[in-house]
Amino acid sequence: MSTDNTPRGTSKFACAINCMDGRVQDAVKDYMKKNYGVDYVDMVTEPGPNKILADNSDEAVIENIKKRVEISVHHHGSKVVAIIGHFGCAGNPTEKDVQIGHLKKARETAKAFGFPVEVILLWVDGDWQTVERVV
């Protein structure tokens with residue numbers, strides 16, 4: 849039995865294309881809830897998703913990410929999609945400034961999915977709590 853007391857159809861969702869690294873999950877979820885007034889955050893996880901989307905070369909993985917974001921947008925009503933990079937990423941083991949560059953390229957790939965959403969970029973620092981929006 850569900851413990852969610854929210855009436856059906858009234859929950860607000862956002863979506864995060866996030867690293868699979870469990871250390872960043874709560875920080876991203878908390879940031880999205882606080883800054884976007886959502887109840888839930890759908891997590892689309894891959895190791896180093898900012899690099900995957902920036903490279904835009906692994907068509908199968910990109911299509912899989914797109915399909916999962918589509919579910920969040922069309923079935924859960926997500927209006928914002930975040931792409932995340934983080935300190936100490938095993939899937940994208942580069943410095944912050946390089947990852948920020950990947951995030952900016954990743955945004956273009958995500959926008960090309962064609963969903964009517966705001967695409968934002970987030971960086972999670974090494975304390976696993978500090979989330980910085982990348983402009």
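Take the position in the sequence shown, starting the count at 1, then add 848; the result is the number in our numbering. Yeah, the Cβ is synthetic: ideal placement off N, Cα and C, and Gly gets one too.
- Residue nearest to Arg916 within the set Asp869, Glu966, Val972, Phe961 is Phe961 (criterion: CA-CA distance).
- Taking a contact to require three or more Cβ pairs closer than 8 Å, the segment 879–886 and the segment 931–946 do not qualify as touching.
- A residue is called buried when at least 16 other Cβ atoms come within 10 angstroms of its Cβ; Ser926 meets this threshold and is buried.
- Looking at the DSSP output, Glu966 bridges to Val928.
- For Tyr888, the closest C-alpha among the options Ala864, Ala902, Asp903, Thr957 is that of Ala864.
- By the neighbour-count definition (other C-beta atoms within 10 Å, threshold 16), Gln977 is an exposed residue.
- Less than 8 Å divides the Cβ of Asn898 from the Cβ of Leu951.
- A check of alpha carbon separations from Pro964 across Leu970, Val979, Val929, Glu907 identifies Val929 as the nearest.
- Sequence-distant partners of Ala958 (beyond 5 residues in either direction) whose C-beta falls short of 8 Å from its own C-beta, in its chain, are Ile865, Leu901, Val917, Val929, Ile931, Val967.
- Your pair Ala875 and Val982 does not check out as a contact, with CB atoms roughly 14 Å apart and the cut at 8 Å.
- The three-state reading of DSSP puts Ala902 in helix, counting H, G and I together.
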